[in-house]
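Read in full-length UniProt numbering, the sequence shown has 123 at position 123, and its numbers run on one by one without any break.
The beta-carbon is built from N, C-alpha and C at its ideal position, and this holds for glycine as well.
Please read all numbers here as calculations on a predicted model, not as lab measurements.
One structure is given below, encoded as structure tokens.
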Amino acid sequence: MICNACPRGCNVDREVSLGYCKSPEKFKLARASLHYWEEPCISGKNGSGAIFFSGCNLGCVFCQNYEISHGCKGVEVSDDKLIDIMKRLVDEGANNINFVNPTHYSLQLLRVLEKYKPPVPIVYNTSGYDSVETLKMLDGAVDIYLPDFKYIRPEKALKYSKAEDYPQVAEEALAEMKRQVGEDVFDENGIMQRGMIIRHLVLPSNTNLSISALDYLAENFGDTYISVMAQYVPCGDLTEYKEINRPLTQREYDKVVNHIFYLGLQKIFVQELEAASDEFIPDFDFTGVVDF
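In structure tokens form, the structure reads like this:
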């Protein structure tokens with residue numbers, strides 16, 4: 001299959017060669033297990049059934065999942081194996097099936113979801129660097145969108161993710177996601193069944209970037225849940241990016257959170273700075289992929 005699923009437009013046959021995401025045609029997974037550190041309405045008490053895909057179509061230099069996004073650590077699995085993994089997570093009580101970084105496998109996932117639709121919501125947990133054309137194909141297959149909105153400035157997107165067009169692409173993608181899911185729906189336990197949460201990670205030395213991004217979100221997605229994350233952990237090789245080669249400070253995060261209150265946003269999630277710890281980064285040891 002010639003792949004143009006994401007905005008990179010590599011136009012490669014992934015059965016023969018690899019594109020930007022470094023991923024084969026076949027699913028490649030690094031972990032599949034209950035995950036308890038998403039937003040409360042996603043994880044709840046039972047956990048989110050998180051399936052971590054290897055490779056990435058964005059490739060941020062600071063990615064906390066660097067060993068699987070850049071290193072592509074993972075195990076190839078068939079469609080039927082992925083279905084078995086989803087069924088096991090449902091049996092374990094997962095509140096949802098959470099596809100983590102699925103963009104480069106979006107069309108393959110659509111094929112799988114046509115064979116098996118879990119009895120719990122499907123969460124599309126993405127960087128936000130998604131093609132509107134591909135998203136439209138997912139309409140009806142995805143229940144909850146959990147996109148990042150990383151950058152509002154092209155020069156930052158180019159510097160940290162080699163994607164100068166990220167702001168425009170993400171703005172259009174978020175609008176399409178919102179069109180699909182509409183108003184948020186929760187069950188009696190406060191677990192989201194349908195809807196959207198937009199995430200923004202605050203980067204060290206970049207509080208003005210975050211403030212500008214939040215200004216945009218407040219104006220265009222003010223009725224959507226926004227999660228402002230403090231969980232930045234320096235990962236990967238950041239020797240050429242000294243400004244972000246350190247932890248986020250409390251002062252930096254407080255500056256951004258105070259701006260949220262200034263904007264009057266009501267539907268928000270914030271974090272304690274203690275979330276910025278590698279203790280919350282999963283072990284990508286193929287748990288749930290090769291052990292059953």
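Three-way DSSP call (helix, strand, coil) for residue i in this model
| i | result |
| --- | --- |
| residue 170 | helix |
| residue 104 | helix |
| residue 194 | strand |
| residue 281 | coil |
| residue 274 | helix |
| residue 181 | helix |
| residue 67 | helix |
| residue 76 | strand |
Nearest residue (CA-CA) to residue i, options the options
| i | options | result |
| --- | --- | --- |
| residue 223 | 240, 197 and 189 | 197 |
| residue 286 | 172, 2 and 54 | 54 |
| residue 157 | 128, 176 and 181 | 128 |
| residue 251 | 268, 206, 33 and 217 | 206 |
| residue 290 | 81, 167 and 280 | 81 |
| residue 229 | 66, 174, 268 and 31 | 268 |
| residue 202 | 226, 13 and 182 | 226 |
| residue 234 | 15, 4, 33 and 65 | 65 |
| residue 245 | 258, 204, 275 and 188 | 204 |
| residue 30 | 71, 277, 132 and 219 | 71 |
| residue 199 | 39, 63, 20 and 17 | 39 |
| residue 255 | 118, 212 and 134 | 212 |
| residue 3 | 134, 232 and 195 | 134 |
| residue 23 | 33, 37, 32 and 5 | 5 |
| residue 219 | 18, 240 and 260 | 260 |
| residue 283 | 159, 181 and 35 | 35 |
Bridge partner(s) assigned by DSSP for residue i
| i | result |
| --- | --- |
| residue 200 | 228 |
| residue 98 | 50 and 123 |
| residue 268 | 226 |
| residue 286 | Its beta-bridge partners do not exist; DSSP assigns none. |
| residue 85 | Note: residue 85 sits in no beta bridge, so no partner. |
| residue 3 | 12 |
Beta-carbon proximity of residue i to residue j, cut-off 9 Å
| i | j | result |
| --- | --- | --- |
| residue 58 | residue 161 | yes |
| residue 50 | residue 100 | yes |
| residue 170 | residue 145 | no |
| residue 68 | residue 77 | no |
| residue 103 | residue 130 | yes |
| residue 124 | residue 138 | yes |
| residue 263 | residue 184 | no |
| residue 136 | residue 176 | yes |
| residue 153 | residue 288 | no |
| residue 248 | residue 273 | yes |
| residue 45 | residue 74 | no |
| residue 173 | residue 147 | yes |
| residue 96 | residue 191 | yes |
| residue 83 | residue 61 | no |
Any chain C beta carbon closer than 9 Å to residue i
| i | result |
| --- | --- |
| residue 70 | Among the protein chains of the structure shown there is no chain C, as only one such chain exists. |
Beta strand (DSSP E) runs contained entirely in the stretch 108-174, provided each spans 3 or more residues
List check, beta strand (DSSP E) in window: 122-126 and 144-147.
Can you list the beta strand (DSSP E) stretches of 3 or more residues lying completely in the stretch 13-62, in chain order?
As far as the stretch 13-62 is concerned, its whole beta strand (DSSP E) runs of at least 3 residues are 27-35 and 48-53.
Only counting runs of 3 or more residues, tell me where the beta strand (DSSP E) segments fall wholly within the stretch 203-260, in order along the chain.
List check, beta strand (DSSP E) in window: 225-229.
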